[in-house]
Amino acid sequence: MSDGMAIPQHALERLKGLRSEGHPGGIFTSDFSVNEFLLVRKAGFEPVGLCVGSCIYHLGIQYASWSQNQEMSVLSQAMYHARELAMSRMRAEAEGMGADGIVGVELTVKRMEWDDKILEFIAIGTGVVHAKGHPGYKGHNGKPFTSDLSGQDFWTLLQSGYRPLEMVMGSCVYHVAHQGMFKSLGNIGSNTELTNFSQALYDAREIAMERMQHEAIAVKAEGVVGVDLHEGSHNWQPHIIEFFAVGTAVTPITTERDASTIPDPQLVLSVNN
20 MSDGMAIPQH ALERLKGLRS EGHPGGIFTS DFSVNEFLLV RKAGFEPVGL
70 CVGSCIYHLG IQYASWSQNQ EMSVLSQAMY HARELAMSRM RAEAEGMGAD
120 GIVGVELTVK RMEWDDKILE FIAIGTGVVH AKGHPGYKGH NGKPFTSDLS
170 GQDFWTLLQS GYRPLEMVMG SCVYHVAHQG MFKSLGNIGS NTELTNFSQA
220 LYDAREIAME RMQHEAIAVK AEGVVGVDLH EGSHNWQPHI IEFFAVGTAV
270 TPITTERDAS TIPDPQLVLS VNN
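The opening residue of the sequence shown carries number 20 in the numbering used here; numbering runs sequentially from there.
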């Protein structure tokens, strides 16, 4: 693996049992719903197996001024690096099973109960391969593509003449300055904007979005779809928030289609609770 950590032996044994060109009698595994499974197959792809990457990471310490808005760069770098490790290990499993890409990636963060400075980062998705062996669906530099799109959105994206390149992300951990006592007392009973808070959250979101955008530019994407912007404190000290932007970078399959030729998406009403 690129980070120097080998794929666990049990994972290698699991990959051997999956269906592949040289092993047609194997099985596939996926976290697709039935609808996702059918639409991914209709898009011309076959699921191969679940790809998993995990990283347990100890976060360093950084102090911030009580009255200053500032990025916590030590924590920002830690959160970004840990997610990259989990993603790279998931991608290594996809390469091991011969997948062209990974659909429906979920990237989660969980705090370990034994230490509030330790977080587990997990990346999981379904490795897929083009049913006819078309080589043009790989991601950047010939690696398996990664995407957090659902099976339905993956099918719709391909129908519109685009394909996923890479799941791109940006992180910013930010300290929001406290408000002084006299300022707080002066706001009692008044409708007023808390400009220091507004500016801090605005800046932090923009930093996360900008970093995600730079990742998309680096893989030569035309754009990013399905962007989601998360906010969380991960049980840190008050006034410290992480802003995390994530989406799927896409590019035209061949040449960009005229918008009038793209089929209309179908309206689907879920009957699930």
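Don't be surprised by glycine CBs; every beta carbon is placed ideally from N, CA and C.
Residues near residue 201 in its chain [Cβ-Cβ closer than 8 Å; skip 5 each side] = As a working note, residue 201 is residue 182 in the sequence shown. Here the model assigns residue 201 a pLDDT of 47, short of 50, so the residue's position is not dependable and the matter cannot be decided.
Which word fits residue 237, buried or exposed, when buried means at least 16 other C-beta atoms lie within 10 angstroms of its C-beta?
-> Against the sequence shown, residue 237 aligns to sequence position 218. Around the beta carbon of residue 237, fewer than 16 other beta carbons sit within 10 angstroms, so the residue counts as exposed.
Rounded to whole angstroms, what's the CA-CA distance from residue 4 to residue 272? Just pull it up for me.
-> A query on residue 4 cannot be resolved here, the shown segment of the chain reaching from 20 to 292 and no further.
State buried or exposed for residue 24, treating a residue as buried only when at least 16 other CB atoms are found within 10 Å of its CB.
-> In the sequence shown, counting from the first residue as 1, residue 24 sits at position 5. Its Cβ having fewer than 16 others within 10 Å, residue 24 is exposed.
Burial state of residue 97 (16 or more Cβ within 10 Å) | For this step, residue 97 is matched to residue 78 along the sequence shown. Its Cβ being crowded by 16 or more others within 10 Å, residue 97 is buried.
Bridge partner(s) assigned by DSSP for residue 214 | Locating residue 214 in the sequence shown gives position 195, where the first residue counts as 1. According to DSSP, residue 214 bridges with nothing at all.
Taking all protein chains shown into account, do 16 or more other C-beta atoms lie within 10 angstroms of the C-beta of residue 174, making it buried, or fewer, making it exposed?
-> One-based indexing of the sequence shown puts residue 174 at position 155. Buried.
Provide the residue span of the alpha helix (DSSP H) that contains residue 99, from first to last.
-> Within the sequence shown, the letter at position 80 stands for residue 99. First-last of the alpha helix (DSSP H) with residue 99: 92 to 115.
Three-state secondary structure (DSSP) of residue 247 = Start at 1 with the first residue of the sequence shown, and residue 247 comes out as number 228. Strand, per DSSP.
Looking only at C-alpha atoms, which of 229, 234, 195 sits nearest to residue 216?
-> Along the sequence shown, read from residue 1 onward, the residue named residue 216 stands at position 197. For residue 216, the nearest C-alpha among the options comes from 195.
Got a sec, what are the start and stop residues for the alpha helix (DSSP H) residue 56 sits in?
-> As a working note, residue 56 is residue 37 in the sequence shown. DSSP places residue 56 inside the alpha helix (DSSP H), whose first and last residues are 53 to 61.
Using the C-alpha atoms, what's the distance from residue 56 back to residue 221?
-> The residue given as residue 221 occupies position 202 in the sequence shown. The residue given as residue 56 occupies position 37 in the sequence shown. Answer to the nearest angstrom: the Cα atoms are 39 Å apart.
Counting along the chain, where does the beta strand (DSSP E) carrying residue 145 start and finish?
-> As a working mapping, residue 145 is identified with position 126 in the sequence shown. Note, residue 145: beta strand (DSSP E), 137 to 149.
Which first and last residues belong to the beta strand (DSSP E) in which residue 64 is found?
-> Indexing the sequence shown from 1 puts residue 64 at position 45. Boundaries of the beta strand (DSSP E) harbouring residue 64: 64 to 77, taken from the DSSP string.
Within this structure, are the beta carbons of residue 168 and residue 76 separated by less than 7 Å?
-> Taking the sequence shown and counting its residues from 1, one reaches residue 168 at position 149. Taking the sequence shown and counting its residues from 1, one reaches residue 76 at position 57. It is not a contact, given that the beta carbons lie outside the stated cut-off.
With DSSP run on the structure shown, which of helix, strand or coil describes residue 194?
-> Here residue 194 corresponds to residue number 175 of the sequence shown, with the count starting at 1. Look at residue 194 here: in three-state DSSP terms it is strand.
Paired residues, beta bridge with residue 185 - DSSP = Within the sequence shown, residue 185 is the residue found at index 166, counting from 1. According to DSSP, which records beta bridges pairwise, residue 185 is partnered with 268.
Which residues in the same chain as residue 229 place their Cβ atom closer than 6 Å to its Cβ, once the five residues preceding and following it in sequence are excluded?
-> Working through the sequence shown from its first residue, we reach residue 229 at position 210. Excluding residues up to 5 positions away in sequence, nothing lies with its Cβ nearer than 6 Å to the Cβ of residue 229 in the same chain.
Exposed or buried, residue 80, counting other C-beta atoms within 10 Å across all chains shown (16 or more means buried)?
-> Mapped onto the sequence shown, residue 80 falls at position 61. Exposed, because fewer than 16 other Cβ atoms sit within 10 Å of the Cβ of residue 80.
Locate the alpha helix (DSSP H) running through residue 170, then write down its first and last residues.
-> For this step, residue 170 is matched to residue 151 along the sequence shown. Residues 170 to 178.
Residue 135, buried or exposed, once every other Cβ within 10 Å from all chains shown has been counted against 16 = Here residue 135 refers to the residue found at position 116 when the sequence shown is read from its first residue. When all chains shown are included, residue 135 counts as exposed.
What is the DSSP secondary structure of residue 123, counted as helix, strand or coil?
-> Position 104 of the sequence shown, counted from the first residue, corresponds to residue 123. If DSSP states are grouped into helix, strand and coil, residue 123 belongs with the strands.
Quick one: measure Cβ to Cβ for residue 91 and residue 226, integer angstroms, because I've assumed they're closer than 8 Å.
-> Within the sequence shown, numbered from 1, the residue matching residue 91 stands at position 72. Within the sequence shown, numbered from 1, the residue matching residue 226 stands at position 207. Incorrect: roughly 11 Å between the Cβ atoms, too far for contact.
Residue 176 versus residue 61: straight-line alpha-carbon distance, rounded = Against the sequence shown, residue 176 aligns to sequence position 157. Against the sequence shown, residue 61 aligns to sequence position 42. Those two C-alpha atoms are separated by around 13 Å.
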